[in-house]
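Numbering (UniProt numbering), first residue to last: 1 to 127.
Even for Gly, the Cβ is constructed at its ideal location relative to N, Cα and C.
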Amino acid sequence: MSDLNAHTTAFMSTFNDGDYDKMLGLLSPDCVYMDPNGIEHKGVDAIGASLKSIFDGTLGSVQYTVSSTMLDEASDRALVAWTMMMTAADGQQSCVDGLDILDFRDGKLISKNAFCKANGLAIRSVK
């Protein structure tokens with residue numbers, strides 16, 4: 001397994017394992033997360049706060065299924081297509097399909113740009 005594949009697998013597995021602290025530990029201090037709504041979160045604390053609901057049960061039980069991964073070893077970039085299944089306390093299930101573009105440096109995640117299929121577009125103003 002290549003280093004990039006190992007780093008990508010380690011990061012993605014934190015979501016299924018519910019390991020919030022491990023996820024935070026895989027982020028570089030200057031990491032940037034662009035969420036599916038186009039909102040940028042900079043730094044470990046901001047990223048942790050934005051992703052906390054996936055780990056703390058707010059969304060119910062969460063399970064990611066990775067459908068494909070493309071690795072670009074030369075640029076330390078991974079594209080990960082996934083489906084997130086959420087199961088509420090009453091057993092009702094819902095899911096969302098998405099794609100993460102993950103950039104690594106020295107084994108740490110420096111950028112996560114997330115895209116999801118949705119009913120509406122996340123349109124942002126241009127300055």
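Expected contact under 8 Å - CB spacing of residue i and residue j to nearest Å
i       : j       : result
Thr-8   : Leu-102 : 6 Å
Lys-117 : Val-96  : 7 Å
Phe-15  : Ile-54  : 6 Å
Gly-43  : Asp-35  : So it is not a contact: roughly 14 Å between Cβ atoms.
Lys-108 : Leu-4   : With a Cβ gap of about 12 Å, Lys-108 and Leu-4 do not count as contacting.
Coil, strand or helix - residue i by DSSP
i      : result
Leu-99 : strand
Ile-54 : helix
Residue span of the beta strand (DSSP E) that contains residue i, given as start and end
i       : result
Ser-2   : Neither: Ser-2 is in no beta strand (DSSP E) and is coded neither H nor E.
Lys-112 : 108-116
Residue i: first and last residue of the uninterrupted alpha helix (DSSP H) it sits in
i      : result
Leu-26 : Element bounds for Leu-26: n/a, residue is neither H nor E.
- Can you list the alpha helix (DSSP H) stretches of 4 or more residues lying completely in the segment 28-98, in chain order? The DSSP assignment places 44-55 as complete runs of the alpha helix (DSSP H) inside the segment 28-98, in order along the chain (cut-off: 4 residues).
- Are at least three pairs of beta-carbons, each pair with one atom in the segment 76-89 and one in the segment 51-66, less than 8 Å apart? In short, these stretches touch, since the Cβ pair count reaches three.
- Query: Pairing CB atoms from the segment 36-54 with CB atoms from the segment 69-79, are three or more of them under 8 Å?
  - Reply: When Cβ pairs closer than 8 Å are counted between the two stretches, the segment 36-54 is seen not to touch the segment 69-79, the count staying below three.
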